[in-house]
Amino acid sequence: MIARLLALALAAILAACGGPARDWPPPSPALWEISGPNGQAGWLFGTIHALPKGVQWRTPALDAALDRADLLVVEVANLGDGKSGKGAFAAVSTSPGLPPLLQRVAPGDRAMLSQALRRAGMDEADFGTIESWAAALIIANRTRSGDSANGVDRALLARGLPVMGLEGFAEQFAIFDRLAQADQAELLRLTAQDTDRDDHMAQEAWLTGDLATLEREELSGVLADPELHEALIAGRNRAWVPRIVRVLESGRHPLVAVGAGHMMGDDGLPALLAAQGYTVKRIQ
């Protein structure tokens with residue numbers, strides 16, 4: 122699951138491999154309607170940042186929400202600006218004097234990390250000055266199935282609605298860069314562990330709106346670690362909610378389209394907005 126989770130940070134930066142053709146079930150990805158006591162209205166849509174080519178995920182309910190929305194709120198507004206993404210990544214992803222990559226995980230995990238590097242088509246020497254969190258992102262991106270070019274975020278941005286970003290590239294990478302070294306090492310270990318997992322179960326769960334399965338998949342990986350969950354999901358959600366509320370109170374009708382992992386549990390966006398007094402109803 123780590124490959125799908127971390128893909129949000131590199132979706133516009135590194136190339137990804139396409140998945141094999143297969144039959145997919147009818148789409149019904151999770152969508153919520155937000156309403157407030159003073160007529161505020163908007164929607165929450167849990168996205169996925171990479172999909173195999175040809176997956177059909179649009180639905181009448183989503184199209185109706187897009188027709189009514191007057192603002193698209195996403196994680197990164199300039200997702201297609203590869204130059205900015207690469208620059209932000211380069212600014213924080215390297216440090217001198219780092220130990221060899223394999224030495225950054227426990228001895229018992231080094232064979233697994235070596236195998237992950239082989240799957241990624243890379244070598245330990247490629248990561249001499251690359252920080253552990255950045256190495257995890259690169260390995261995750263190179264070993265996931267699906268293609269960021271087929272990501273839902275990009276398709277929604279192409280619709281042409283006015284766009285607001287909740288974060289920028291620099292802000293996203295800073296989240297990872299602030300992780301303690303022990304948490305970065307755990308991120309690297311979990312990435313290596315996840316490289317041989319089949320993404321199709323999570324992709325299908327997303328496509329059909331099966332949040333229970335999607336949450337189980339995520340909680341079996343990086344989100345099982347409390348510090349990483351706080352940094353990657355819970356803390357960001359708490360930072361986003363005031364921004365979303367300001368948009369709703371301004372009279373705009375936003376469709377908030379962020380990764381589906383941000384929609385689940387007591388610290389998910391639906392629950393946090395409900396705690397602010399909004400009615401949040403799942404409509405798909």
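Numbering-wise (this note's numbering), the sequence shown opens with residue 122 and increments by one. Just so you know, even glycine gets a beta-carbon here, dropped at the ideal spot from N, CA and C. What you are looking at is a predicted structure, and each value in this text was computed from that prediction instead of being measured.
- Looking only at G163, P148, T168 and A345, the smallest Cα-Cα distance to D188 is reached by G163.
- Under the DSSP assignment, K402 falls in the beta strand (DSSP E) whose first and last residues are T400 to R403.
- One alpha carbon belongs to A301, the other to I354, and they sit about 16 Å apart.
- Taking each of A345, R299, D304 and L277 in turn and checking the Cα distance to V194, the smallest one comes out for L277.
- Per the coordinates, the alpha-carbon of P217 lies some 6 Å from the alpha-carbon of T250.
- The beta carbon of S235 is closer than 7 Å to those of L223 in its chain, skipping five residues each way along the sequence.
- Straight-line measurement puts the Cα of Y399 at about 7 Å from the Cα of P158.
- The distance from the Cβ of G286 to that of E348 is about 25 Å, inconsistent with a contact at the 8 Å cut-off.
- With contact defined as three or more Cβ pairs closer than 8 Å, the region 201-216 and the region 164-181 are not in contact.
- DSSP, read as helix, strand or coil, puts S156 in strand.
- Closest by C-alpha distance to V284, out of Q161, I404, R373 and A151, is R373.
- Under the three-state reduction of DSSP, P146 is assigned to coil, being neither helix nor strand.
- DSSP, read as helix, strand or coil, puts L219 in coil.
- Secondary structure note for F166: its beta strand (DSSP E) is the uninterrupted segment A162 to T168.
- Among the bridge pairs identified by DSSP, G201 is matched with none.
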